[in-house]
Each structure stands twice: as structure tokens, then as C-alpha cells.
Amino acid sequence: MSEDSAAVVADHHPHHLRRSVGTVTATATSAGLAFAAINFIGVVSVATFAAGSSAWLAILIGGLLAFVVSGVFSELNGMWPTAAGVRLYISSAFGVRAALIITLTYMTTVILVIAADAFLIGAAIQHVLDEPPALAYVWILALLVIATALNLRGITMAGRVQSVVTYTVLAGTVLLSVVALTKPGIVPETPFALFGNGVMSGFQAIAFALFLFAAFEWVTTTAEEARKPSVITRALFIGPVLIWLAATAFALGLDHLVPKDVAHGSAYPQLLLGQAALGRVGVIWMLGVTVLTAINTFNGGFLVASRFVYAAAREGNLPRSFAKLNMRAVPWLAVVVLAAVSAVVGAVVFATGRWLLLVAVGAALEASVFAIASAALLKLRRTSDRHRPFRLWAGPAVAGFGAVLFAGLALASGFSDPEIPTQFSAAPALIVLGLGAVSTVYVLLVVPRLHRAAAARRAAARASGERVRRRPQRPA
Amino acid sequence: MANWDEVDEALADYTVSCNTNERLRKMQRDWTRMLHFVCNDTSDTFSMDVRAGEIVSTGQGHTGVPDIIVTADSETFCDMFWGDINPMPKYLRGEIQVRGSQEDIMRLDAISYVIWPDA
Numbered sequence: 006m007s008e009d010s011a012a013v014v015a016d017h018h019p020h021h022l023r024r025s026v027g028t029v030t031a032t033a034t035s036a037g038l039a040f041a042a043i044n045f046i047g048v049v050s051v052a053t054f055a056a057g058s059s060a061w062l063a064i065l066i067g068g069l070l071a072f073v074v075s076g077v078f079s080e081l082n083g084m085w086p087t088a089a090g091v092r093l094y095i096s097s098a099f100g101v102r103a104a105l106i107i108t109l110t111y112m113t114t115v116i117l118v119i120a121a122d123a124f125l126i127g128a129a130i131q132h133v134l135d136e137p138p139a140l141a142y143v144w145i146l147a148l149l150v151i152a153t154a155l156n157l158r159g160i161t162m163a164g165r166v167q168s169v170v171t172y173t174v175l176a177g178t179v180l181l182s183v184v185a186l187t188k189p190g191i192v193p194e195t196p197f198a199l200f201g202n203g204v205m206s207g208f209q210a211i212a213f214a215l216f217l218f219a220a221f222e223w224v225t226t227t228a229e230e231a232r233k234p235s236v237i238t239r240a241l242f243i244g245p246v247l248i249w250l251a252a253t254a255f256a257l258g259l260d261h262l263v264p265k266d267v268a269h270g271s272a273y274p275q276l277l278l279g280q281a282a283l284g285r286v287g288v289i290w291m292l293g294v295t296v297l298t299a300i301n302t303f304n305g306g307f308l309v310a311s312r313f314v315y316a317a318a319r320e321g322n323l324p325r326s327f328a329k330l331n332m333r334a335v336p337w338l339a340v341v342v343l344a345a346v347s348a349v350v351g352a353v354v355f356a357t358g359r360w361l362l363l364v365a366v367g368a369a370l371e372a373s374v375f376a377i378a379s380a381a382l383l384k385l386r387r388t389s390d391r392h393r394p395f396r397l398w399a400g401p402a403v404a405g406f407g408a409v410l411f412a413g414l415a416l417a418s419g420f421s422d423p424e425i426p427t428q429f430s431a432a433p434a435l436i437v438l439g440l441g442a443v444s445t446v447y448v449l450l451v452v453p454r455l456h457r458a459a460a461a462r463r464a465a466a467r468a469s470g471e472r473v474r475r476r477p478q479r480p481a
Numbered sequence: 008m009a010n011w012d013e014v015d016e017a018l019a020d021y022t023v024s025c026n027t028n029e030r031l032r033k034m035q036r037d038w039t040r041m042l043h044f045v046c047n048d049t050s051d052t053f054s055m056d057v058r059a060g061e062i063v064s065t066g067q068g069h070t071g072v073p074d075i076i077v078t079a080d081s082e083t084f085c086d087m088f089w090g091d092i093n094p095m096p097k098y099l100r101g102e103i104q105v106r107g108s109q110e111d112i113m114r115l116d117a118i119s120y121v122i123w124p125d126a
């Protein structure tokens, strides 16, 4: 190609990638990352705290709050449209160490979601095949091994496939729920009495409803492949609508056909709804939907978390071995360790049967992250004049409101016991604090040692002549 | 600020380092991409055509439709292509901006990591 034609090409394609992500795919990514198998349990948790048949109202309020999150992340993502954005805006607002502590803690939600999904899908498969309960853990391990093997081979899902899977999951859930609503069932009781079990209980229902949208904001990690910045903004606002539709339909269907106490004690309420709506066909239908959610969770979760670990290791904030690549350029140790930790967490959940605790921990972690992001935006409105392609309307007020409210919701879910909703439990908050404490100790004590070791290694290499600056010196 | 000749010299060295590294070639054997680079301080632009892991051509200006667009200052590009810096911290600080899929961004960093693991 001549220089002239090269210039013409550059003029015509100044910013266009050959393969870029549009609104449909980005929205599927947002909704797909959020709508996991754990969401079915999440809906049951919402219904547990919401009085009567008012779960739908809690989910509606949760959806409206998710729009606040959409606005906050849209502005922050516009300022730093990169996969590393979360690190950049938190470090700009609160400092580098705080950013590392928060993102390390944040990444533990990925492990929790992978472990929870592996457990829930394993339990669903075991139930449908009518196998002994112990075999559920075999299924959990099998799912994790398959996901690990696919990741190690560098097999990732194409955007279009991901879109098809996500829209199938959402449509499948809505359709079966609508069929359920056409059947004769339980007459709804007090559909507006969200706070009928007390103010705290209603507040906890909203906190768990917000958890149904958890991880939809991870679509910002695809900002670098978006056709234009507005694609991510649109996905951040449309994704929650799709999640709200599916979660509301499922909540209404469940309330209509499955008694609360039956759904509450089950690890597979979606199968119970399928059974009640369409018998065996409904069970298989919802099992199919459940297994499909795993594709998104494992594909997206492993990818986001392992690449985060790789980047942190390359930066010197994690041991160098986590950056080791296999012959398919996959950070194999990061993938294997993530899978192993997920398997251990899955085993603990399997042994204790306390899957609802995972929901509470996830809800507390996610609300905390939303509070931190809102606080970061509040501060950056005062301290940063960086270009903002999207500017949140009434930004300081909305971000301030979000920071306070999401912190309150984090406390509400952190001190809840979804297993016995009338009781308070500090277990979720203690687990979140424990994860935060481990991250803090790691960042304050271990990371400086890693940095010192790396500096010593470089100095030794320079002194021995093994490593010299390769770039030729320019004449003065 | 580095002029085009310096960037070009660094790019030539990088091309040799990449193409002669057997492990890298094997690792990137399924990686065929067109990369566009933009120096945000000099406005210089250049392209790199990678086919099956081999850099088959580089040159000033933008050719073809890019799979990845990398923007940084000219000094950073020179240091990166000479292997004098680890590009990841600069990427995480927003000093190197990349447009492309996460997988491609990681592959790009992997090149530097495989050739100069101690940078």
C-alpha cells in the first residue's frame, strides 16, 4: 500500500476497529454477567425479607437504584474508558493503595459467584438426574474442570454467542414465568406491603434486590473494544432493565405457584417453578436455562479475574508466577488457582448447605463497591477536570445520595440472616470485613516486599551486566 | 520526545526480537492482527502487521483496518520496543491507551513479557 493510500485509509478509519462491540453485544455482556444461577436464589432471598407478595416492589426499587449505579459508572467509565478503569478512578479519588485494596476485595466477588454458580448448577443437575446428594459435588468439580480446561486452551466465547446465550436465558426465564402466571395458583397477599415485616426487613429486601443486578457494571471492562463510549453507557442503562424484567417475572411466577417456605429451603427454586408450571418439561427447561447461565459466569468470571491477576502480577503487586503464560498465552497459574479456590469455596458451601450466606456476602460486597464508586465520583467532581463524555445529571447530589444509601444497604445485607429472616447475623459483614482485612494486610505488608524484591533483582541484573538499558543513548 | 527515526529504530529491533523468539512465535501462532500506533506527543502514526505471530511489516502511517490501536508518547514507545520498560504499569496508570479486545491487549503485553521477562 502506498503512503497516499495509507493516509486515505487512516482518514477513513481513524478510530474504527475491525472487530468492535456494539450496543446489543455490550448489553448482553452487562446482563449476562449479572444474571447468574445465584440470581434465582437472590430472588428467593428478596421474597424472604419482603412481606407478602411485595418482592416485585423491592426488585423495582433495586432496579431504580441500579440506574444510579449506571449513571455513576457511565461518568467514571467515560473519564477512563479502559479495563483498568476501576483502578484508575479509585486511585485518582482515594490513592493507589486504597485502589489496590478495594479492587483485590472486589475480585473476590468473582470467586464467590463462580463457586456459588458451580454449587447451584451442580445441585440442580443432581436433582434432575435424581442422584444421591453427594454426587452434586462431583458435578461442581466437573463444571469447574471443564471451565478451567476451556480457559487454559484459550477458548473464549465470541460476542455473538454470548449475546445469544444471554438473551436465551433471559427470554427463557420470562417465558416460563409468564406460563406459570397463567396457571391457577396462590392468590397474592399484600403486594405493596414491602415494609410489612418491619422497616429493616424491607430495607434488607431492597439490599438483596440490588444484588440481583450485581456485576452488570463489569461491562465497563470491555470499554476498549466498544465502538464508541456511548455503547457502554447504553449497555449500563439497558442491561438493568433486562435483568429487572427477568427477575420480576421470576419473582411473580414463583410467588404464584411455589409456597415461600418451599422455595426458601431449596437450592434450585427455578426447577420448582418449572415443575409447577409445566411439569417435567418445565424442569428440563429451567435446567437448560441454569446451565446456560454457567457459560456466561464461567466465561466472563474466569476471564475478568484471571486477566486481573495477570495484570497485577505484571505490575509487581502479586507474585510473578501469576503472570506465567502457557503456550496459548493464557495466564495458567491464575486460572488454576481461581478454579481451585472456587472449588474449595464450593466444597464449603456444599458441606454446610449455607448457600444463602453467599448471597448475603455478595450483596454486602456489591453494595459496598457501589458506595465506593459513588463516593469516588463525588470526590472527582471536585478534584478532576478530566474530559467527561457522559456527565451524570445532578452528579454531586446523586453520587452523595448513592454513597450514603449503598453504604446503608451494604450494612443491611451485611447484618442479615437470609436463612432466618427474623434474626440478625453479623456473619456476612464479618466475612466481607475479613476479605477487606486480608487485602489490606497484603497491600500494606506483602506488596512493598514484592516491589523491593523486584527492584533488587533489577539492580543485581544491571550490576552483573545481565540487564543493561538497550536503547541507544542519544547524543546530548 | 523521540523523533520518527528513533521510533523506527526501536521498532526494527522489536521486530527482530519478536520474530527470532521461538517460544513467542509458537505462543502467538494463531494471532493475526493489524496494529495501529499513535504517538500523542508528535502525532506520528505507524502500523504493524502481525500474521500467525510473525511481524511481517511495520511502517509509518496507518495501513489497513486495525484490530488494536495503541496510543502513548513517543518516548514510551521507544522504551517499550527496546524492552527497557514493562508496559503493564503504564497501561494500568492510563499512560498507554489501547483500543481492542481484552484478549488482544493481553497478547500485546505478553510479547514484551516473553521477550524481556525482567523488564
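Here the protein sequences come in this chain order: H and L. Each residue of the first sequence is one higher than the last, beginning at 6 in this note's numbering. Each residue of the second sequence is one higher than the last, beginning at 8 in this note's numbering. In this text, a Cβ means the ideal position worked out from N, Cα and C, and glycines have one as well.
Which two residues bound the contiguous beta strand (DSSP E) that contains residue i?
i: R30 (chain L); result: Taken as a continuous stretch (DSSP letters only), R30 (chain L) belongs to no beta strand (DSSP E), being part of the alpha helix (DSSP H) at 29-34.
i: M41 (chain L); result: 40-46
i: Q478 (chain H); result: Q478 (chain H) -> no beta strand (DSSP E), and no H or E assigned at all.
Less than 7 Å between the C-beta atoms of residue i and residue j, yes or no?
i: I501 (chain H); j: G400 (chain H); result: As shown, chain H starts at 6 and ends at 481. That puts residue 501 (chain H) outside it, with no answer to give.
i: I112 (chain L); j: A79 (chain L); result: no
i: V491 (chain H); j: L292 (chain H); result: The requested residue 491 (chain H) is not part of the displayed model; chain H covers only 6 to 481.
i: S168 (chain H); j: T30 (chain H); result: yes
i: V501 (chain H); j: L363 (chain H); result: Since the first residue of chain H shown is 6 and the last is 481, residue 501 (chain H) is not available in this structure.
i: V263 (chain H); j: A252 (chain H); result: no
i: A98 (chain H); j: L410 (chain H); result: no
i: V448 (chain H); j: L105 (chain H); result: yes
i: S64 (chain L); j: D51 (chain L); result: no
i: V74 (chain H); j: F375 (chain H); result: yes
i: A117 (chain L); j: L330 (chain H); result: yes
i: A219 (chain H); j: W61 (chain H); result: no
i: I116 (chain H); j: A42 (chain H); result: no
i: L157 (chain H); j: S347 (chain H); result: no
i: R232 (chain H); j: G27 (chain H); result: yes
How long is the line joining the alpha carbons of residue i and residue j, rounded to whole angstroms?
i: F65 (chain H); j: V296 (chain H); result: For clarity, residue 65 (chain H) is Leu in the given sequence; the question names Phe instead. Approximately 26 Å between the Cα atoms of the pair.
i: Q131 (chain H); j: S119 (chain L); result: 46 Å
i: H456 (chain H); j: A415 (chain H); result: 34 Å
i: T298 (chain H); j: A39 (chain H); result: 10 Å
i: A434 (chain H); j: W11 (chain L); result: 56 Å
i: G57 (chain H); j: L69 (chain H); result: 21 Å
i: V267 (chain H); j: V224 (chain H); result: 35 Å
i: F500 (chain H); j: N93 (chain L); result: Residue 500 (chain H) is absent from the structure shown; chain H starts at 6 and stops at 481.
i: H261 (chain H); j: S35 (chain H); result: 29 Å
i: E194 (chain H); j: I289 (chain H); result: 30 Å
i: A129 (chain H); j: E29 (chain L); result: 47 Å
i: L382 (chain H); j: H392 (chain H); result: 13 Å
i: G287 (chain H); j: V183 (chain H); result: 12 Å
i: R92 (chain H); j: R387 (chain H); result: 19 Å
i: A139 (chain H); j: S430 (chain H); result: 28 Å
i: L109 (chain H); j: R454 (chain H); result: 17 Å
i: N301 (chain H); j: A33 (chain H); result: 10 Å
i: G207 (chain H); j: A55 (chain H); result: 6 Å
i: S469 (chain H); j: G405 (chain H); result: 55 Å
i: W38 (chain L); j: P423 (chain H); result: 48 Å
How close, in whole Å, do the beta carbons of residue i and residue j come, if the pair is a contact with beta carbons under 8 Å?
i: I75 (chain L); j: L115 (chain L); result: 7 Å
i: A339 (chain H); j: S311 (chain H); result: 4 Å
i: S81 (chain L); j: M34 (chain L); result: With a Cβ gap of about 28 Å, S81 (chain L) and M34 (chain L) do not count as contacting.
i: A254 (chain H); j: A63 (chain H); result: Rounded, the Cβ-Cβ distance is 15 Å, inconsistent with contact.
i: S418 (chain H); j: A365 (chain H); result: 5 Å
i: E229 (chain H); j: V105 (chain L); result: 6 Å
i: V77 (chain H); j: S379 (chain H); result: 5 Å
i: A412 (chain H); j: Q109 (chain L); result: Actually they do not touch by this definition, with Cβ atoms about 31 Å apart.
i: N322 (chain H); j: V452 (chain H); result: 5 Å
Where do the N-terminal and C-terminal ends of the alpha helix (DSSP H) with residue i fall, by residue?
i: G66 (chain L); result: That residue, G66 (chain L), is in no alpha helix (DSSP H); its beta strand (DSSP E) goes 61-67.
i: Q104 (chain L); result: Run containing Q104 (chain L): none in the alpha helix (DSSP H); it sits in the beta strand (DSSP E), 104-106.
i: A79 (chain L); result: Unbroken run through A79 (chain L) is the beta strand (DSSP E), 75-79; no alpha helix (DSSP H).
i: S54 (chain L); result: That residue, S54 (chain L), is in no alpha helix (DSSP H); its beta strand (DSSP E) goes 52-58.
i: M205 (chain H); result: 204-216
i: S347 (chain H); result: 337-357
i: D266 (chain H); result: 265-269
Any beta-carbon of chain C closer than 7 Å to the one on residue i?
i: G90 (chain L); result: Judged by its chain identifiers, the structure shown contains no chain C, and its protein chains are H and L.
Contact list for the region 106-121 of chain H against chain L, Cβ threshold 7 Å: none
According to a CB-to-CB cut-off of less than 8 Å, which residues of the region 98-116 of chain L neighbour chain H? Y98, L99, R100, G101, Q104, V105, R106, G107, S108, Q109, E110, I112, M113, R114, D116
Residues of the region 214-241 of chain H with Cβ closer than 8 Å to any Cβ of chain L, in chain order: So the list reads T226, T227, E229, E230, given in the order they occur along the chain.
Residues of the region 452-467 of chain H with a CB closer than 8 Å to any CB of chain L: list them in chain order, please. R462, R463, A466
Using a Cβ-Cβ cut-off of less than 7 Å, list which residues of the region 68-97 of chain H approach chain L; keep chain order. W85, T87, A88, A89, R92, L93
Along the region 69-93 of chain L, what residues have a CB closer than 9 Å to any CB found in chain H? H69, T70, G71, V72, P73, D74, I75, I76, C85, D86, F88, W89, G90, D91, N93
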